[in-house]
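There are 2 protein chains.
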Amino acid sequence: MSSKKPTVYDVAKEAGVSIASVSRSLRTPESVRPATRKLINRAIDRLGYVPSGSAQSLAARRTGVIGLFMSNLDELDDLQDFTLSSVDDARVEIDPAHHADSHRNDSLYYDQVLRGCELETWRRGLSLMVNLGLDRNEKGLTQLAGEMVGKVDGLIVMARSVPDSTLEFLRRRVPVVMVADAPSDNEAGYDLVRVSNRKGMRKLVQHLVDTHHVDDFAYIAGPDDSPDNHKRYVGFCEGLRSRNINPETVPIYRAGFSFAVAHTITQDMVARHKIPRVMVCANDQMALGVCKALTDGGIRIPQDVIVTGFDGISESETNTPRITTVSQPMRNLGRAAVSTMVQRLENPDAEPYAIELPVTLLLRESSEGELTKEQESTSD
Amino acid sequence: MSSKKPTVYDVAKEAGVSIASVSRSLRTPESVRPATRKLINRAIDRLGYVPSGSAQSLAARRTGVIGLFMSNLDELDDLQDFTLSSVDDARVEIDPAHHADSHRNDSLYYDQVLRGCELETWRRGLSLMVNLGLDRNEKGLTQLAGEMVGKVDGLIVMARSVPDSTLEFLRRRVPVVMVADAPSDNEAGYDLVRVSNRKGMRKLVQHLVDTHHVDDFAYIAGPDDSPDNHKRYVGFCEGLRSRNINPETVPIYRAGFSFAVAHTITQDMVARHKIPRVMVCANDQMALGVCKALTDGGIRIPQDVIVTGFDGISESETNTPRITTVSQPMRNLGRAAVSTMVQRLENPDAEPYAIELPVTLLLRESSEGELTKEQESTSD
DNA sequence: GTGAAAGCGCTAACAC
DNA sequence: GTGTTAGCGCTTTCAC
Chain W
1 MSSKKPTVYD
11 VAKEAGVSIA
21 SVSRSLRTPE
31 SVRPATRKLI
41 NRAIDRLGYV
51 PSGSAQSLAA
61 RRTGVIGLFM
71 SNLDELDDLQ
81 DFTLSSVDDA
91 RVEIDPAHHA
101 DSHRNDSLYY
111 DQVLRGCELE
121 TWRRGLSLMV
131 NLGLDRNEKG
141 LTQLAGEMVG
151 KVDGLIVMAR
161 SVPDSTLEFL
171 RRRVPVVMVA
181 DAPSDNEAGY
191 DLVRVSNRKG
201 MRKLVQHLVD
211 THHVDDFAYI
221 AGPDDSPDNH
231 KRYVGFCEGL
241 RSRNINPETV
251 PIYRAGFSFA
261 VAHTITQDMV
271 ARHKIPRVMV
281 CANDQMALGV
291 CKALTDGGIR
301 IPQDVIVTGF
311 DGISESETNT
321 PRITTVSQPM
331 RNLGRAAVST
341 MVQRLENPDA
351 EPYAIELPVT
361 LLLRESSEGE
371 LTKEQESTSD
Chain X
1 MSSKKPTVYD
11 VAKEAGVSIA
21 SVSRSLRTPE
31 SVRPATRKLI
41 NRAIDRLGYV
51 PSGSAQSLAA
61 RRTGVIGLFM
71 SNLDELDDLQ
81 DFTLSSVDDA
91 RVEIDPAHHA
101 DSHRNDSLYY
111 DQVLRGCELE
121 TWRRGLSLMV
131 NLGLDRNEKG
141 LTQLAGEMVG
151 KVDGLIVMAR
161 SVPDSTLEFL
171 RRRVPVVMVA
181 DAPSDNEAGY
191 DLVRVSNRKG
201 MRKLVQHLVD
211 THHVDDFAYI
221 AGPDDSPDNH
231 KRYVGFCEGL
241 RSRNINPETV
251 PIYRAGFSFA
261 VAHTITQDMV
271 ARHKIPRVMV
281 CANDQMALGV
291 CKALTDGGIR
301 IPQDVIVTGF
311 DGISESETNT
321 PRITTVSQPM
331 RNLGRAAVST
341 MVQRLENPDA
351 EPYAIELPVT
361 LLLRESSEGE
371 LTKEQESTSD
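So the sequence lines, in the order shown, correspond to chains W and X. In terms of full-length UniProt numbering, the first sequence has 300 at position 300, counting the first letter as 1, and numbering is strictly consecutive. In terms of full-length UniProt numbering, the second sequence has 72 at position 72, counting the first letter as 1, and numbering is strictly consecutive.
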């Protein structure tokens, strides 16, 4: 197969020029006489030459690679040793229904951000190195991150996928751009790309009040320690206050971002006939749980109860009724992160960048009732 | 911020040893006296030293990075320049219902494979470099791949994401592992990881005949130029023949893997009252289209018509009824690809590996009717 | 066990 | 324009 890999020297010899010309011909073609360039190119593809990335990076002091670090806990379960075996058959399995597992959606979120990074990174002629930084303990994570940081020009880090101390360490070596959130004590220090949770929720509430003239709310909250959850709640309160509704009169139910808990809570409401006019949920999963409990209880959405979610996961769209939600531009989060990184790389001493991407309030049946229906079987 | 990055020399000086000892202490700690090792470690974290990946790779002649190359055409549409702007608001949008876009599922497939690669790559202490190899023309693709190939120890390539000629080029430099399919003329030459399309479909058909005693089939086929489609059809025929049904008596409808086309075709069947007992679809999207048309036409699934799909996309599970399908182990495809690559790297001169992952036949309501339902609100 | 020194393959002054 | 040369930061013989 791949015998000895040809180097600049081989190319230079083959073309009868110096290695400098070869290098120039590749980096700055216009600084080389067309004739020699042709010579060199001929030699290059005669030899099948490809420059060594390592050597280039070492000499040029830049790798052209951006690292993406996000920890994703989903995978831990089935992480047994994977052994290659060419089993020669198809298994059969009865597949009983089960609730959509909540963590699957996390994955979706990450996938989208990753995709955005890939996209933008590619557009700019850079490479992307990905690291999910799985289970490891704090020490392992730090080591993992350390390995990566030696290979990249900059590191994009998903919020809370790495301990703050490690972050500081990484940052001594390369620029770091945070996604979604930065260490609270140092918010001003990191470049940051995030999404306007607060404004999205505020807008949603204002819309509900203005359009549907409702004022009997309940809030289904996520975990107390989630910054997202907190910001959404703040936006919720702002929205209410801006319409002269006192947020303190609105009951909060804590469902920890969980379908099941939200479902139970709502069942209970239904049983007690204690149902608010609007149930604002801090994420889509909970909204789905709420909807199911309501529907099963014979409550109509949105005629009896308006339900809203947050995030814009795909289930919010496939559910019946579809859920009004605040959709996060996940893909663009990734793109923005890369763009920010590129700016930082070009301008190492600039002030910290902090950009906030707008969210989109998607009005759907769970709040608006029947919507315009076009394009039914149009899509041939 | 990140001032001068410390090097081995700095560490050596700080610790009062030679750079060789520093290097050894990192690579083969046991070859260094514990005392000096301690000295060195102290110096290392006093300086915040991180070895340069480029230099390591260059000297060690290996990068520890595996490249993943998959072209994904989904993104082309909205690929306008992305500019950073900190728009300070949330947009509102009426969001009318629309069919699940078919390409979204491709993405899902890629995401899963990618995730599998990431997982396995991480488990083995390697890094993963991803490249979606977007729109470029053939020449651009080749160049893109060329850039990547200089930075990695091996390249995992998704079937048909790169022209065959380029593949040959890449292969001169590093080992290449193909995913899903290899160039037909050279199938024996490439390491290959794939899925048993044929066996899966055969098993499915056999199950249907054996369990439901049906023999009145129709086959909804994908595009003629899809190898997957072809293999599935072959499996379909095999299954029938093994049960003494002549495949030639079974009508084929070509719906090009498209929801919409399958939908139209089925509507037509319904209108003409010309409906088979079983509709075997070459992928899930088409099965979904079929189901919708049948359900809208008042036909019961599976009592009147059994419908089956292929792939195991998430919609096959969220649909009502859930679709019996042959699920591909996408995640494991990625893991297997990385494993194969690692083996190849360790053993450059071994015979080409070709492994085939088993698929899983998931029996669900669209063929079996009511299934055991447990775990309803168990998941607290 | 440890140090000196020779590369790894490239880029970028600096001469010519 | 083109060639010469000195690194880039590390690994790895080879002596000691």
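Quick reminder that beta carbons are idealized off the backbone N, C-alpha and C, glycines included.
*asked:* With a threshold of 8 Å between beta-carbons, can HIS207(W) be considered close to chain X, or not?
replied: So, interface residue.
* To do: Give me the Cα-Cα distance between ILE265(X) and ALA255(X), rounded to the nearest whole angstrom.
  => One C-alpha to the other measures close to 8 Å.
Between ILE245(X) and TYR219(X), which are expected to be in contact by the criterion C-beta below 8 Å, what is the C-beta distance as a whole number of angstroms?
-> Here ILE245(X) is actually not in contact with TYR219(X); their C-beta atoms are around 12 Å apart, not less than 8 Å.
What would DSSP say about GLY116(W), mapped onto helix, strand or coil? Three-state DSSP puts GLY116(W) in a helix.
Give a yes or no on whether the minimum CB-CB distance between PRO302(X) and chain W is below 8 Å. No - not a single Cβ of chain W is within 8 Å of the one on PRO302(X).
Requested in this report: Identify the continuous alpha helix (DSSP H) that holds SER327(X) and give its terminal residues.
Outcome: No alpha helix (DSSP H) contains SER327(X), which is instead part of the beta strand (DSSP E) from 325–327.
**Request:** Please compile the residues from chain X whose C-beta is within a distance smaller than 9 Å of the C-beta of MET148(W).
**Result:** Neighbourhood of MET148(W) in chain X, by CB distance below 9 Å: GLY53, SER127, in chain order.
- Message: Taking 8 Å as the threshold (beta carbon to beta carbon), is ASN131(W) in contact with chain X?
- Response: Closer than 8 Å to some Cβ of chain X, the Cβ of ASN131(W) qualifies, so yes.
### Task
In the DSSP assignment, find the unbroken beta strand (DSSP E) run with LEU361(X) in it and report its ends.
Annotation for LEU361(X): the continuous beta strand (DSSP E) segment containing it runs 360–363.
Quiz prompt | Helix, strand or coil at THR57(X) according to DSSP, with G and I counted as helix | solution = A small fix is needed here, since residue 57(X) is Ser in this sequence, not Thr. Residue state, collapsed to three classes: helix.
### Message
Can you pull out the residues from the UniProt domain "HTH lacI-type" (6–60) of chain W whose beta carbon lies closer than 8 Å to at least one beta carbon of chain X?
### Response
Per Cβ criterion, the list reads GLY48, VAL50, PRO51, SER52, GLY53, SER54, ALA55, GLN56, SER57, LEU58.
Output needed for residue 421(X): all residues of its chain with C-beta closer than 7 Å, excluding positions within five of it in sequence on either side, in chain order.
Residue 421(X) falls outside the range modelled here, since chain X spans only 1 to 380, and no answer is possible.
Please report the straight-line C-alpha distance between MET279(W) and PHE217(W), rounded to a whole angstrom.
Straight-line measurement puts the Cα of PHE217(W) at about 6 Å from the Cα of MET279(W).
Specify whether the region 319–328 of chain W and the region 161–168 of chain W touch according to this definition: at least 3 beta carbon pairs, one from each stretch, less than 8 Å apart.
The region 319–328 of chain W is not in contact with the region 161–168 of chain W.
| Do ALA260(X) and GLY289(X) have their C-beta atoms within less than 8 Å of each other? | Judged by their CB atoms, ALA260(X) and GLY289(X) are nearer to each other than the 8 Å cut-off.
Q. Is it buried or exposed for ALA35(W), if we count other Cβ within 10 angstroms and need 16 for buried?
A. That one is exposed.
ask   = How should TYR9(W) be labelled, buried or exposed, when 16 other C-beta atoms within 10 angstroms of its C-beta is the threshold for buried?
value = It counts as exposed.
Exercise for review: Compute the distance between the beta-carbons of ASN332(W) and CYS291(W), then report whether it is under 8 Å.
Suggested key: Note that the C-beta distance between ASN332(W) and CYS291(W) is not below 8 Å.
- By the 10 Å Cβ neighbour count, where 16 or more other Cβ atoms means buried, how is ARG194(X) classified, buried or exposed? Buried, because 16 or more other Cβ atoms sit within 10 Å of the Cβ of ARG194(X).
For GLY48(W) and ASN229(X), the rounded distance between their alpha carbons | Cα-Cα distance, rounded: 36 Å.
Exercise for review: Please confirm whether any heavy atom of the ligand FAD lies closer than 7 Å to the CB of THR121(W).
Suggested key: This structure does not include the ligand FAD; it has no bound ligands of any sort.
- With a Cβ-Cβ cutoff of 8 Å, do VAL305(X) and SER327(X) count as a contact? Contact check for VAL305(X) against SER327(X) fails: the beta carbons are separated by 8 Å or more.
Give the C-beta separation of SER127(X) and VAL205(X) to the nearest angstrom, bearing in mind that I take them to be a contact with Cβ-Cβ under 8 Å.
Incorrect: roughly 43 Å between the Cβ atoms, too far for contact.
inquiry  = On the criterion of 16 or more Cβ atoms from any shown chain inside 10 Å, does ARG272(W) qualify as buried, or is it exposed?
reply    = Exposed: under 16 other Cβ atoms inside 10 Å.
**Asked** Within 8 Å (strictly less), CB to CB, does GLY309(W) reach chain X?
**Response** At a cut-off of 8 Å, the C-beta of GLY309(W) has no neighbouring C-beta in chain X.
Fill in: Same chain only: Cβ atoms within 8 Å of GLU370(W), ignoring 5 sequence neighbours per side
Within the same chain, no Cβ atom closer than 8 Å to the Cβ of GLU370(W) is found once the five residues on either side in sequence are excluded.
Q) In this structure, does DSSP put PHE257(W) in helix, strand or coil? A) If DSSP states are grouped into helix, strand and coil, PHE257(W) belongs with coil.
Requested in this report: Just the C-alpha distance for VAL17(W) and VAL11(W), rounded to the nearest angstrom, thanks.
Outcome: Going from the Cα of VAL17(W) to the Cα of VAL11(W) covers about 8 Å.
Could you check which residue in LEU167(X), GLY125(X), GLU120(X), LYS38(X) has the C-alpha nearest to that of LEU141(X)?
The shortest Cα separation from LEU141(X) among LEU167(X), GLY125(X), GLU120(X), LYS38(X) belongs to LEU167(X).
Item checked: Cross-chain neighbours of GLY200(X) in chain W, by beta carbon under 8 Å -> Per Cβ cutoff of 8 Å: ALA90.
Can you find a CB in chain X that lies within less than 8 Å of the CB of THR96(W)?
Contrary to the premise, residue 96(W) reads as Pro rather than Thr in this sequence. Yes - at least one Cβ of chain X is within 8 Å of the one on PRO96(W).
**Report entry** Selection from ASP153(W), GLY239(W), GLN143(W) that minimises the alpha carbon distance to MET341(W)
**Finding:** For MET341(W), the nearest C-alpha among the options comes from ASP153(W).
Q) Helix, strand or coil for MET70(X) per DSSP? A) Correct three-state label for MET70(X): coil.
- What does VAL326(X) reach in chain W if we use C-beta pairs closer than 8 Å? Contact annotation for VAL326(X) against chain W: ALA90 [CB-CB distance below 8 Å, chain order].
**Request:** Determine whether the Cβ of THR63(X) lies closer than 8 Å to any Cβ atom of chain W.
**Result:** Interface residue, yes.
*Report the neighbours of LEU363(X) on chain W: residues whose CB is nearer than 9 Å to its CB, in chain order.*
Within 9 Å Cβ-Cβ: VAL92, GLU93, ILE94, ASP95.
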